[in-house]
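Participant: One structure is given below, represented as structure tokens, and several questions about it will come after.
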Amino acid sequence: MSSPLKPLDRQVLVITGASSGIGLATAQEAGKRGAKLVLAARGGDVLEAVVQGLAENGVEAVAVVADVALRADVERIAQVALERFGRIDTWVNNAGATIYGRLDQVSEEDSRRLFDINFWGMVHGSLVALPHLKRQGGALVNLGSEASEVAIPLQGMYSASKHAVKGFTDALRIEVEHMEGAPVSITLVEPTAADTPLPQHARNYMDCEPKLPSPQVDPHQVAAAILQAAVVPARTVRVGLMAGLDIMVERVAPALADRLAVFQAPRQQQDEPARNPEGALYGSRAAGRIYGRG
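Residues in the sequence shown are numbered from 1 upward in steps of one, following full-length UniProt numbering.
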């Protein structure tokens, strides 16, 4: 990379999925450090409330209601960033969702919708952001997961989508950074399970309420890794001890990793009936919360 990244207090950051969880934590942390923010999510009311809260703390931020599955919506995010701030320094593809259920139970429609959000949303963001990042140098940060490297039973389609995120991000990095020599840093962030509302927002085929397995990292730890990638070029950043351990076992002893993964199934199930099986796959359910519940 020929162009150093700017300090955060001189950056314009675009963050998708900014109305809850890791995206909201990242927006708050970036705001505290003086960045100007372009925040995108599907839920307009919640997003406006987030921007209002940031403005009350002196943060310059603008909300863009957008579904990242739609290329035109993502192009509008960039357009608003340019109209409001004149440039984009870092683009964070964070928007994501999951489905709990066995692969032979999940409908093709739901699986395709998940890929539209997790994979195509990231593709749209990356390709829309690149021309702007190349212009004056910048960072593209894509949110993968421990599940980009390791398969998770009962979240098989999520694992597949996050594997796809890794494949696309790695290939794009080779083309942009190494073949083209463009002044863009492309980072894949791979957190272990984080304490966010992801399970409550999930499409759920199980009879019981879903959860993420423990131990979980604080979303602010993931936000810190994202913001570090915005100022210091990095290839892949893993967040949480379990991410590193699980990926190491997968690489050294994959057959053992398969057998151990069976134990992940009960650790994703709560001892209570499913509350909202439809989840937020087709519409926003964000309530402006960083942390999950139970």
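We put the beta carbon where it would ideally sit given N, CA and C, even for glycine.
Only a predicted model underlies this, so the values are computations on that prediction, with no experimental measurement involved.
By how many angstroms is the C-alpha of G53 removed from the C-alpha of A151?
Facilitator: Here residue 151 refers to the residue found at position 151 of the sequence shown. Here residue 53 refers to the residue found at position 53 of the sequence shown. Their Cα atoms are separated by approximately 38 Å.
Participant: Assign A202 to one of three DSSP states: helix, strand, or coil.
Facilitator: What you label residue 202 is simply residue 202 of the sequence shown in a count that begins at 1. In the structure shown, A202 sits in coil (DSSP, three-state: anything other than H, G, I, E or B).
Participant: Rounded to the nearest angstrom, what separates L8 and D116 at their Cα positions?
Facilitator: For the purposes of this step, residue 8 is identified with residue 8 of the sequence shown, where counting begins at 1. For the purposes of this step, residue 116 is identified with residue 116 of the sequence shown, where counting begins at 1. So the two alpha carbons sit approximately 30 Å from each other.
Participant: Whole angstroms are fine: how far does the CA of P266 sit from the CA of G294?
Facilitator: Against the sequence shown, residue 294 aligns to sequence position 294. Against the sequence shown, residue 266 aligns to sequence position 266. Residue confidence for G294 is low, a pLDDT of 48 falling below 50, so the modelled location carries little weight and cannot support an answer.
Participant: Only counting the same chain, and skipping five residues up and downstream in sequence, which positions put a Cβ closer than 6 Å to that of T236?
Facilitator: Taking the first residue of the sequence shown as position 1, residue 236 is located at position 236. Taken in chain order, the residues that qualify are L188.
Participant: Are the CB atoms of M206 and Y282 nearer to each other than 7 Å?
Facilitator: Within the sequence shown, numbered from 1, the residue matching residue 206 stands at position 206. Within the sequence shown, numbered from 1, the residue matching residue 282 stands at position 282. Against a cut-off of 7 Å, the Cβ pair of Y282 and M206 comes out as no contact.
Participant: So for L8, helix, strand or coil by DSSP?
Facilitator: What you label residue 8 is simply residue 8 of the sequence shown in a count that begins at 1. Looking at L8 - three-state DSSP - the assignment turns out to be helix.
Participant: Relative to the C-alpha of V222, which candidate in V232, G121, G240, P210 has its C-alpha closest?
Facilitator: Taking the first residue of the sequence shown as 1, we reach residue 222 at position 222. Selected option, being the one with the closest Cα: G240.
Participant: At which residues does the alpha helix (DSSP H) containing L241 begin and terminate?
Facilitator: Residue mapping note: residue 241 aligns to position 241 of the sequence shown, counting from 1. First-last of the alpha helix (DSSP H) with L241: 241-252.
Participant: What does DSSP give as the partner residues of L143 in its beta bridges?
Facilitator: Reading the sequence shown from its first residue, position 143 is the one you call residue 143. V189.
Participant: Below 8 Å on the Cβ atoms is my guess for N142 versus S161; work out the distance and round it to an integer in Å.
Facilitator: Position 142 of the sequence shown, counted from the start, is the residue given in the question as residue 142. Position 161 of the sequence shown, counted from the start, is the residue given in the question as residue 161. Contact doesn't hold; Cβ gap of about 12 Å is too wide.
Participant: Less than 7 Å separating the beta-carbons of R289 and P197?
Facilitator: Indexing the sequence shown from 1 puts residue 289 at position 289. Indexing the sequence shown from 1 puts residue 197 at position 197. The answer is yes: Cβ separation under 7 Å.
Participant: Only counting the same chain, and skipping five residues up and downstream in sequence, which positions put a Cβ closer than 8 Å to that of E177?
Facilitator: Within the sequence shown, the letter at position 177 stands for residue 177. If we look at E177 and ignore the five residues flanking it on each side, its Cβ neighbours are M1, V184, S185, I186.
Participant: Give the single residue among L154, D45, S145, L114 whose Cα lies nearest to the Cα of F263.
Facilitator: For this step, residue 263 is matched to residue 263 along the sequence shown. Of L154, D45, S145, L114, the residue nearest in Cα terms is L154.
Participant: Could you tell me which uninterrupted alpha helix (DSSP H) segments, each at least 4 residues in length, are contained entirely in the region 91-172, listed from first to last along the chain?
Facilitator: Counting only runs of 4 or more, we get 108-115, 121-136.
Participant: Does the beta-carbon distance from G51 to A41 come in below 7 Å?
Facilitator: Looking up residue 51 in the sequence shown gives position 51. Looking up residue 41 in the sequence shown gives position 41. Residue identity check: residue 51 is Val in the sequence provided, not Gly. No, the Cβ-Cβ distance between V51 and A41 is not below 7 Å.
Participant: Can you tell me which of the three DSSP states A63 falls into?
Facilitator: Numbered from its first residue, the sequence shown carries residue 63 at position 63. Residue state, collapsed to three classes: strand.
Participant: Quick test of your reading: V165 and G144, contact by CB under 8 Å. State the CB separation rounded to the nearest angstrom.
Facilitator: Your numbering for residue 165 matches position 165 in the sequence shown. Your numbering for residue 144 matches position 144 in the sequence shown. Confirmed, Cβ separation roughly 5 Å.
Participant: So which of A18, G292, A49 has the shortest CA-CA distance to A66?
Facilitator: Numbered from 1 along the sequence shown, position 66 holds the residue referred to as residue 66. With distances taken between Cα atoms, A66 lies closest to A18.
Participant: Using a 10 Å radius around the Cβ and a threshold of 16 neighbouring Cβ atoms, would you call E190 buried or exposed?
Facilitator: Residue mapping note: residue 190 aligns to position 190 of the sequence shown, counting from 1. Buried is the call here.
Participant: Just to confirm the assignment, what range does the beta strand (DSSP E) spanning D271 have?
Facilitator: Numbered from 1 along the sequence shown, position 271 holds the residue referred to as residue 271. Here the beta strand (DSSP E) through D271 covers 269-273.
Participant: Under a three-way DSSP split, which group does I77 fall into?
Facilitator: By 1-based counting over the sequence shown, the position of residue 77 is 77. Of the three classes helix, strand and coil, the one that applies to I77 here is helix, per DSSP.
Participant: Distance check for R173 and V249, CA to CA, integer angstroms please.
Facilitator: Within the sequence shown, the letter at position 249 stands for residue 249. Within the sequence shown, the letter at position 173 stands for residue 173. Cα to Cα, V249 sits roughly 26 Å from R173.
Participant: If you drop the 5 nearest sequence neighbours on each side, which residues of the same chain put their C-beta closer than 8 Å to that of D195?
Facilitator: On the sequence shown, position 195 is the one that residue 195 refers to. For D195, where only same-chain residues beyond five positions count, the Cβ hits under 8 Å are L212, Q216, V217, D218, P219, Y291, G292.
Participant: If you measure between the beta carbons of I22 and N94, is that distance less than 7 Å?
Facilitator: As a position in the sequence shown, residue 22 is number 22, starting the count at 1. As a position in the sequence shown, residue 94 is number 94, starting the count at 1. Cβ distance < 7 Å, so I22 and N94 count as in contact.
Participant: From the DSSP secondary-structure annotation, give me the bridge partner or partners of R238.
Facilitator: In the sequence shown, residue 238 corresponds to position 238, counting from 1. Answer is E190, bridged to R238.
Participant: Does DSSP classify residue 309 as helix, strand or coil?
Facilitator: No answer is possible for residue 309: the residues shown for the chain start at 1 and end at 294.
Participant: Comparing alpha-carbon positions, which option in A49, D45, H124, N57 lies nearest G34?
Facilitator: The residue given as residue 34 occupies position 34 in the sequence shown. For the residues A49, D45, H124, N57, the minimum Cα distance to G34 belongs to N57.
Participant: Name the one or two DSSP bridge partners that A27 has.
Facilitator: Translated into the one-based positions of the sequence shown, residue 27 becomes position 27. In DSSP, A27 forms no bridge with anything.
Participant: Grab me the residues of A81's own chain with a C-beta within less than 7 Å of its C-beta, minus the 5 sequence neighbours each way, in chain order.
Facilitator: Taking the first residue of the sequence shown as position 1, residue 81 is located at position 81. The answer, listed in chain order, is V12, V14, V38, I88.
Participant: In three-state DSSP terms, what is V14?
Facilitator: As a position in the sequence shown, residue 14 is number 14, starting the count at 1. It is a strand residue.
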